[in-house]
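Engineer:
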Amino acid sequence: MSELSAQEAFEIGSLYSRYNLCSDLGDPDGYADCFTADGVLELMPHELRIAGRAALHGHKVRDLATRQGYRRHWNGNLLLERRDDGTVRGRCYLMAFNGPSGELPAIGDCGVYEDDIVLDSGIGGGIDGGTWRFRRRLLTMDASTWTRR
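Using full-length UniProt numbering, read the sequence shown as starting at 1 and increasing by one per residue.
1. Can you tell me whether residue 142 is buried or exposed, with buried defined as 16 or more other CB within 10 angstroms of its CB?
2. Give me the Cα-Cα distance between residue 65 and residue 29, rounded to the nearest whole angstrom.
3. Would you mind working out which of 38, 44, 20, 77 sits nearest residue 52, comparing C-alpha positions?
4. Would you report the Cα separation of residue 101 and residue 92, rounded to the nearest angstrom?
5. Residue 48 to residue 41, Cα distance in whole Å?
6. Classify residue 11 as buried or exposed, calling it buried when 16 or more other Cβ atoms lie within 10 Å of its own Cβ.
7. For a test of the three-state rule: what should DSSP assign to residue 184, helix, strand or coil?
8. So who's on the other strand from residue 144, going by DSSP bridges?
9. Closest to residue 14 by CA distance: which of 34, 120, 25 is it?
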């Protein structure tokens with residue numbers, strides 16, 4: 001395994017930030033664009049699997065339509081490791097907060113993300129003319145108030 005360059009680590013860290021901000025602030029297009037065309041999000045133990053950008057977009061639209069108040073995602077201890085095939089394994093902790101407008105939030109979810117990240121060639125402006133995207137995100141919840149919508 002080779003180390004990631006500082007530029008690669010920065011770009012992938014920005015992917016995590018973009019995902020969280022698009023999810024929290026109501027940008028289904030930006031949210032879905034964080035994934036490859038065939039990208040997958042899995043939530044355990046909810047046994048939820050969402051595959052493809054159109055389905056991911058629809059998932060976020062439904063989430064936003066039923067959300068009350070605001071939501072904030074926070075990731076910590078991000079660890080990025082390049083695999084021999086050039087893909088990147090990303091892992092981090094999740095803590096998500098929910099709150100009524102104007103009030104302090106409560107912890108809504110905590111868990112661990114395990115991600116497969118790829119440089120989606122030919123799209124965007126990454127270091128090799130591509131954009132880093134999630135091919136697969138597995139979120140295993142330690143505890144959660146989330147319900148399937």
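Heads up, the beta-carbon is just placed ideally off N, CA and C, and yes, glycines get one too.
Structural biologist: Working from what's here:
1. exposed
2. 15 Å
3. 38
4. 28 Å
5. 8 Å
6. buried
7. Nothing in the structure corresponds to residue 184, since the chain is present only between 1 and 149.
8. 109
9. 34
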